[in-house]
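In what follows, a single structure is set out as structure tokens and then discussed.
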DNA sequence: TTAACGCGGTTCAAATAATGAACCAACTTT
DNA sequence: AAAGTTGGTTCATTATTTGAACCGCGTTAA
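Protein chains in written order, with UniProt numbering: chain A, 1 to 259; chain B, 1 to 259.
Written out as structure tokens, the structure reads:
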């Protein structure tokens with residue numbers, strides 16, 4: 001129910017790895033009739049959210065996406081402020097970091113600031129979705145975000161990325177408990193081997209996490225002597241970003257991060 | 001005809017100057033029933049293209065816009081290449097420049113590169129739409145873009161911005177003829193007083209302009225001795241951008257720009 | 001204090017628009 | 001040349017969208 005929504009959902013089949021889709025293929029992916037898909041594509045195309053390559057006749061995301069994104073940013077320059085704050089944090093710590101927000105029930109990367117201090121760096125696709133069970137950000141969100149997120153864990157539909165990935169619901173719940181005491185979360189190779197992450201929540205007005213901010217680095221640079229520096233930077237960063245996005249840190253949240 | 005399209009069209013009522021809209025106001029703007037508008041907004045909200053401020057209950061463009069824009073950029077990094085090319089042009093000439101594309105029948109700014117060489121600079125809103133009759137870019141597009149654009153001129157629905165703005169269809173058509181001989185267009189205070197612009201077309205595969213690139217500067221820096229530098233930079237820039245966007249320059253296009 | 005008005009949001013019969021099986025024509029592959 | 005693609009079209013059937021009236025709430029005016 002909701003023709004407009006069904007049309008929009010077609011856009012979700014496009015991804016960085018599948019940027020162009022043909023009519024029949026899209027109909028197959030969406031499990032819908034070709035005629036229906038075609039009409040939806042035409043509507044989206046008329047608005048500019050879809051464009052068709054006249055040579056290949058394949059469809060792709062259109063220019064209106066850029067226009068709308070610019071509009072949102074113009075209306076709401078919080079992301080710019082966040083970028084600036086994250087850049088100073090990057091200067092302090094010397095590692096890449098990324099900011100993610102909860103959209104519906106997925107954690108979507110919104111901003112990536114790459115380190116300029118090291119040539120070996122973690123390079124993140126800004127299009128990427130953070131799996132809740134396999135990243136420091138995801139665990140942080142499970143701990144401080146809407147409780148309903150835990151249903152995904154309980155249902156056990158957790159994807160496996162590396163041999164380190166947490167997929168056992170009990171293990172994850174245990175992990176969440178330690179995070180609740182510490183305030184910060186970490187992951188070591190659970191999404192990508194050799195990558196170490198440290199994350200903290202960003203809270204909304206209702207003191208529920210709306211997003212996360214995380215440092216990501218090659219594991220050899222996550223040595224014990226670096227961790228305190230990372231954690232203190234992460235703590236003030238999380239507080240500042242919470243403020244930028246108009247949120248409030250819960251009373252119970254640790255006033256400092258300790259290893 | 002096209003529920004999805006009608007829903008999407010609601011997004012067009014949002015702008016940099018009107019970033020938030022209430023339900024009743026939007027219904028009024030769209031000339032539609034409140035119930036209809038509400039259901040459309042709900043669909044857009046579920047997809048994430050709209051979000052509602054829970055305090056004020058106003059609606060605004062949602063986070064999915066960012067996601068889709070990132071997707072398009074990931075699939076199609078031509079804009080990045082264009083940005084780089086424009087940055088070198090900015091270094092050469094020392095003035096701000098902007099890139100616009102024709103979307104349907106409006107000329108939409110896609111990229112702005114501001115000069116780092118002067119503290120007095122023309123600062124352009126990247127959300128802005130270039131009026132066809134009042135900017136160098138617009139005139140260039142009228143000259144080299146789809147002939148159907150001239151209908152807007154002939155209909156005479158041309159907005160007036162300053163005392164220099166061209167609104168007489170005959171004057172505009174004359175101006176277009178001189179542009180066709182020179183290849184480049186200019187404007188002096190016709191959109192904003194004191195701002196001088198120089199524009200050239202970017203062509204598509206069918207040798208029809210799909211966009212424009214333009215330098216914009218305070219009029220005192222558009223002195224006669226600077227114009228040749230600007231024009232030669234503009235010419236190679238237009239050629240290069242045409243190549244980046246996969247287009248072809250028409251045979252008849254001037255091989256050089258002269259004052 | 002009351003009345004009028006605006007707001008966001010809901011309801012349900014009536015009207016309209018979406019749907020999908022079958023079909024084309026043009027290409028590729030077998 | 002036959003079988004399977006592809007993108008796209010058609011039209012009777014179907015199901016969704018539509019909008020006038022309505023609700024409850026908060027603000028403003030009398």
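All C-beta atoms in this analysis are idealised placements derived from N, C-alpha and C, irrespective of residue type, glycine included.
Since this is a predicted model, take the numbers as computed values, not measurements.
Item checked: Residues that residue 108/A contacts on chain B, provided the C-beta gap is smaller than 8 Å -> Position 108 of the first chain, counting from 1, holds the residue named residue 108/A. For residue 108/A, the chain B residues whose Cβ falls inside 8 Å of its Cβ are 63 and 67, in order along the chain.
Margin query: For residue 87/B, count the other beta carbons within 10 Å of its own beta carbon; 16 or more makes it buried, fewer makes it exposed. Which is it?
Written below: One-based indexing of the second chain puts residue 87/B at position 87. Exposed, by the Cβ-count rule.
Next item on the list: Tell me, please, whether the CB atom of residue 40/A is closer than 8 Å to any CB atom in chain B?
Entry: Your numbering for residue 40/A matches position 40 in the first chain. Chain B contact via Cβ: present.
Margin query: Quick check on residue 21/A: buried or exposed, where buried means 16 or more other Cβ atoms within 10 Å of its Cβ?
Written below: On the first chain, residue 21/A is found 21 positions in, with the first residue counted as 1. By the neighbour-count rule (16 or more Cβ atoms within 10 Å), residue 21/A is buried.
Margin query: With DSSP as the reference, identify every bridge partner of residue 156/A, one or two as the case may be.
Written below: Along the first chain, one-based indexing puts residue 156/A at 156. Note: residue 156/A sits in no beta bridge, so no partner.
Item checked: As assigned by DSSP and simplified to three states, the class of residue 41/B -> Working through the second chain from its first residue, we reach residue 41/B at position 41. Residue 41/B: helix per DSSP, three-state reduction.
Margin query: So that I know if they touch, is there some Cβ in chain B lying closer than 8 Å to that of residue 8/A?
Written below: In the first chain, residue 8/A corresponds to position 8, counting from 1. Yes, its Cβ sits closer than 8 Å to a Cβ of chain B.
Item checked: Cutoff 6 Å; reference residue 165/A; Cβ partners in own chain excluding five residues on either side -> Sequence index remark: in the first chain, residue 165/A carries index 165 (1-based). Answer for residue 165/A: 134 and 190, listed in chain order.
Check: Got a sec, what are the start and stop residues for the alpha helix (DSSP H) residue 65/B sits in?
Finding: On the second chain, position 65 is the one that residue 65/B refers to. Note, residue 65/B: alpha helix (DSSP H), 64–75.
Notebook entry, point to check: Taking the continuous beta strand (DSSP E) assigned at residue 212/A, which residues delimit it?
Noted result: Counting from one through the first chain, the residue named residue 212/A turns up at place 212. Per DSSP, residue 212/A belongs to the beta strand (DSSP E) from 209–218.
Note to self: Do residue 64/B and residue 47/B count as a contact pair if the criterion is CB distance below 8 Å?
What the structure shows: On the second chain, residue 47/B is found 47 positions in, with the first residue counted as 1. On the second chain, residue 64/B is found 64 positions in, with the first residue counted as 1. Against a cut-off of 8 Å, the Cβ pair of residue 64/B and residue 47/B comes out as a contact.
Check: What are the partner residues of residue 201/A, as DSSP defines its beta bridges?
Finding: For the purposes of this step, residue 201/A is taken as the residue at position 201 of the first chain. Paired residues: 212/A.
Checklist line | Collapsed DSSP secondary structure at residue 52/B in the structure displayed | finding: Along the second chain, one-based indexing puts residue 52/B at 52. Note: residue 52/B maps to strand in three-state DSSP.
Notebook entry, point to check: In chain B, which residues lie less than 8 Å from residue 101/A when you measure between Cβ atoms?
Noted result: Reading the first chain from its first residue, position 101 is the one you call residue 101/A. Result: 63.
Notebook entry, point to check: Can you name the residues of chain B whose CB is closer than 7 Å to the CB of residue 242/A?
Noted result: In the first chain, counting from the first residue as 1, residue 242/A sits at position 242. Within 7 Å Cβ-Cβ: nothing; residue 242/A doesn't reach chain B, min ~17 Å.
Check: At least one CB of chain B closer than 8 Å to the CB of residue 47/A: is that the case?
Finding: On the first chain, position 47 is the one that residue 47/A refers to. With 8 Å as the cut-off, residue 47/A counts as an interface residue toward chain B.
Check: Buried or exposed: which applies to residue 235/A, given that a residue is buried once 16 or more other Cβ atoms fall within 10 Å of its Cβ?
Finding: The residue labelled residue 235/A in the question sits at position 235 within the first chain. Classification for residue 235/A: buried.
Item checked: Rounded C-alpha distance that separates residue 258/A from residue 211/A -> Here residue 258/A refers to the residue found at position 258 of the first chain. Here residue 211/A refers to the residue found at position 211 of the first chain. Distance between the alpha carbons of residue 258/A and residue 211/A: 21 Å.
Next item on the list: Rounded to whole angstroms, what's the CA-CA distance from residue 39/A to residue 31/A? Just pull it up for me.
Entry: In the first chain, the residue the question calls residue 39/A occupies position 39. In the first chain, the residue the question calls residue 31/A occupies position 31. Whole-angstrom Cα-Cα distance: 15 Å.
Next item on the list: Output the residue ranges of the beta strand (DSSP E) runs that lie fully inside the segment 75–125 of chain A and measure 3 residues or longer, sorted by chain position.
Entry: The segment 75–125 of chain A is shown to contain whole beta strand (DSSP E) runs of 3 or more residues at 96–103 and 106–113, in chain order.
Notebook entry, point to check: So, do the segment 138–146 of chain B and the segment 216–224 of chain B have three or more beta carbon pairs nearer to each other than 8 Å?
Noted result: no
Note to self: Less than 8 Å between the beta carbons of residue 45/B and residue 55/B, yes or no?
What the structure shows: The residue labelled residue 45/B in the question sits at position 45 within the second chain. The residue labelled residue 55/B in the question sits at position 55 within the second chain. Not in contact: residue 45/B and residue 55/B (Cβ atoms no closer than 8 Å).
Notebook entry, point to check: Exposed or buried, residue 263/A, counting other C-beta atoms within 10 Å across all chains shown (16 or more means buried)?
Noted result: Nothing about residue 263/A can be read from this structure; chain A reaches only from 1 to 259.
Item checked: Contact with chain B by residue 136/A, beta-carbon distance below 8 Å -> One-based indexing of the first chain puts residue 136/A at position 136. It does not; no Cβ of chain B falls within 8 Å.
Checklist line | Interface residues of the segment 132–159 of chain B facing chain A [CB-CB below 8 Å] | finding: none
Next item on the list: Check whether the Cβ of residue 31/A lies closer than 8 Å to any Cβ atom in chain B.
Entry: Start at 1 with the first residue of the first chain, and residue 31/A comes out as number 31. Output row for residue 31/A: interface = no.
Check: How close, in whole Å, do the beta carbons of residue 202/B and residue 241/B come, if the pair is a contact with beta carbons under 8 Å?
Finding: Working through the second chain from its first residue, we reach residue 202/B at position 202. Working through the second chain from its first residue, we reach residue 241/B at position 241. Right, the Cβ-Cβ distance comes to about 5 Å (below 8 Å), so this counts as a contact.
Checklist line | Under 8 Å between C-beta atoms of residue 82/A and residue 244/A | finding: The sequence position of residue 82/A within the first chain is 82, counting from 1. The sequence position of residue 244/A within the first chain is 244, counting from 1. Yes, these two residues count as a Cβ contact at 8 Å.
Check: What separation, rounded to the nearest whole angstrom, lies between the Cα atoms of residue 105/A and residue 158/B?
Finding: Here residue 105/A is taken as the residue at index 105 of the first chain, counted from 1. Here residue 158/B is taken as the residue at index 158 of the second chain, counted from 1. Going by the C-alpha atoms only, they are around 47 Å apart.
Margin query: Is it buried or exposed, residue 85/B, if we count other Cβ atoms within 10 angstroms and call 16 or more buried?
Written below: Position 85 of the second chain, counted from the start, is the residue given in the question as residue 85/B. Per the 10 Å Cβ criterion, buried.
Note to self: Just checking residue 223/A against the ligand PLP - is the residue's beta carbon closer than 7 Å to any of the ligand's heavy atoms?
What the structure shows: The ligand PLP is not among the ligands present in this structure, which contains no ligands whatsoever.
Check: So, is the C-beta of residue 247/B closer than 8 Å to a C-beta in chain A?
Finding: Here residue 247/B refers to the residue found at position 247 of the second chain. No, residue 247/B does not count as interfacial toward chain A.
Check: Hey, residue 195/A and residue 216/A: beta-carbon distance below 8 Å or not?
Finding: Taking the first chain and counting its residues from 1, one reaches residue 195/A at position 195. Taking the first chain and counting its residues from 1, one reaches residue 216/A at position 216. Yes, Cβ-Cβ distance for residue 195/A and residue 216/A is below 8 Å.
Item checked: Alpha carbon of residue 197/B to alpha carbon of residue 232/B, nearest angstrom -> Mapped onto the second chain, residue 197/B falls at position 197. Mapped onto the second chain, residue 232/B falls at position 232. Looking at the two C-alpha atoms, the distance is approximately 15 Å.
Check: Hey, how far is the Cα of residue 19/A from the Cα of residue 148/B?
Finding: Reading the first chain from its first residue, position 19 is the one you call residue 19/A. Reading the second chain from its first residue, position 148 is the one you call residue 148/B. The straight-line gap from Cα to Cα measures roughly 31 Å.
Next item on the list: With DSSP collapsed to three states, give me the class of residue 286/B.
Entry: Outside the modelled stretch of chain B, which goes from 1 to 259, sits residue 286/B, for which no answer is possible.
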